[in-house]
Amino acid sequence: MENAATRPEELLAEVEANIARICKPARREPSQVTLIAVSKTHPPERIVPLLEAGQRVFGENRVQEAQGKWPELREQYPDVELHLIGQLQSNKAEDAVALFDCIHSLDRPSLLKALAKAMDKAGRRVPCFVQVNIGDEEQKGGCPIGDVPAFLEKVRAADVPVAGLMCIPPADTEPAPFFALLAKLASDNGLKGLSMGMSGDYETAVQLGATHVRVGSALFGARAKP
Ligand SMILES: *Cc1c(COP(=O)(O)O)cnc(C)c1O
1 MENAATRPEE LLAEVEANIA RICKPARREP SQVTLIAVSK THPPERIVPL
51 LEAGQRVFGE NRVQEAQGKW PELREQYPDV ELHLIGQLQS NKAEDAVALF
101 DCIHSLDRPS LLKALAKAMD KAGRRVPCFV QVNIGDEEQK GGCPIGDVPA
151 FLEKVRAADV PVAGLMCIPP ADTEPAPFFA LLAKLASDNG LKGLSMGMSG
201 DYETAVQLGA THVRVGSALF GARAKP
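For what it's worth, UniProt numbering labels the leading residue of the sequence shown as 1, then goes sequentially.
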């Protein structure tokens, strides 16, 4: 998808309109869906037009990249909410807790321990989504489905606020069954937050109850290949 010719504020309006359109038959309010604009790889000058258009929730997948971009942008837009959507190494927990308002990739006891310690030290509790390996894929991060209840218990015992469940369905398959499964897992565990859906499938995710969609290329255009 190449949207270089389209202004980012137009793409933002388009995505917001799509979310509202899907919400209606699903009997949901658009305000129940938080649009996270995934700005990874994009420089500040690409991000500013979205900030100017009123977007305030952004997602990054690398702590170091976010540290380089956001402190300065935040001086100008202090009400920005920053979400970490990528895998997190335990040794980056302190930096992540200092910079981010929400973490979507809590998936293992060792990371929980590091995050709890970092939060104690910073005197700041950062809500975390528990990432679930919803397609049971060997190469992917995420808590195994069967371990979710026990892991949630550990998270609560560590006094880390649980925002809900997050998943990235397997590539090249119909995502709907995986979104439905994540929604079922969340409700079985008394959780409302569901971080699911990206540029290619956020409409399906909203239909199935997503409270947070993580949308990058549909807002910013294609990312440069590394
Ligand atoms: C990059 C990324 C996204 C956004 O992907 P797009 O397809 O560009 O919308 C969403 N979630 C995660 C975890 C990502 O790493």
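Glycine residues also receive a C-beta, built at the ideal position from the N, C-alpha and C atoms.
N- and C-terminal bounds of the beta strand (DSSP E) containing residue i
{"i": "V130", "result": "128-131"}
{"i": "V215", "result": "212-215"}
{"i": "E81", "result": "81-84"}
Cβ-based neighbour list, residue i, same chain, cut-off 8 Å, excluding 5 preceding and 5 following
{"i": "T211", "result": "Q32, V33, T34, G164, K192, G193, L194, S195"}
{"i": "Y77", "result": "L51, R56"}
{"i": "E137", "result": "P170"}
Cβ shell of residue i (< 7 Å), same chain only, five flanking positions each side left out
{"i": "P149", "result": "N189"}
{"i": "Q55", "result": "L12, A37"}
{"i": "P109", "result": "K154"}
{"i": "Q67", "result": "D95, L99"}
{"i": "N3", "result": "Residue placement at N3 is poorly supported in this model, since its pLDDT is 46, which falls under 50; the coordinates still yield a value, given next. Answer for N3: L11, G221, listed in chain order."}
Endpoints, the alpha helix (DSSP H) within which residue i is located
{"i": "A222", "result": "Unbroken run through A222: none, as it is neither H nor E."}
{"i": "E14", "result": "8-23"}
Minimum Cβ-Cβ distance from residue i to chain B less than 9 Å
{"i": "K24", "result": "In the structure shown, chain B does not exist; there is a single protein chain."}
Whole-number beta carbon distance between residue j and residue i, since they are thought to touch under 8 Å
{"i": "C23", "j": "E29", "result": "6 Å"}
{"i": "D101", "j": "E81", "result": "5 Å"}
{"i": "S90", "j": "G141", "result": "That belief does not hold up - the Cβ atoms of S90 and G141 are roughly 13 Å apart, past 8 Å."}
{"i": "I134", "j": "R214", "result": "Rounded, the Cβ-Cβ distance is 15 Å, inconsistent with contact."}
{"i": "V97", "j": "V126", "result": "5 Å"}
Close-in-space but distant-in-sequence residues of the same chain around residue i (CB under 6 Å, 5 per side omitted)
{"i": "I47", "result": "S39"}
>> I'd like the ranges of any alpha helix (DSSP H) spanning at least 4 consecutive residues and lying wholly in the stretch 155-208.
In response: 176-188, 202-207
>> Which runs of the beta strand (DSSP E) at least 3 residues long sit entirely within the stretch 29-78? Give them in chain order.
In response: 34-38, 57-60
> In chain order, which continuous runs of the beta strand (DSSP E) of length 3 or greater are located wholly inside the stretch 98-122?
Replying inline: Those beta strand (DSSP E) runs which fall completely within the stretch 98-122 and span 3+ residues are 102-106.
> Which residues are close to ligand 1, meaning CB closer than 5 Å to any heavy atom, in chain order?
Replying inline: V38, N61, I85, M198, S199, R214, V215, G216, S217
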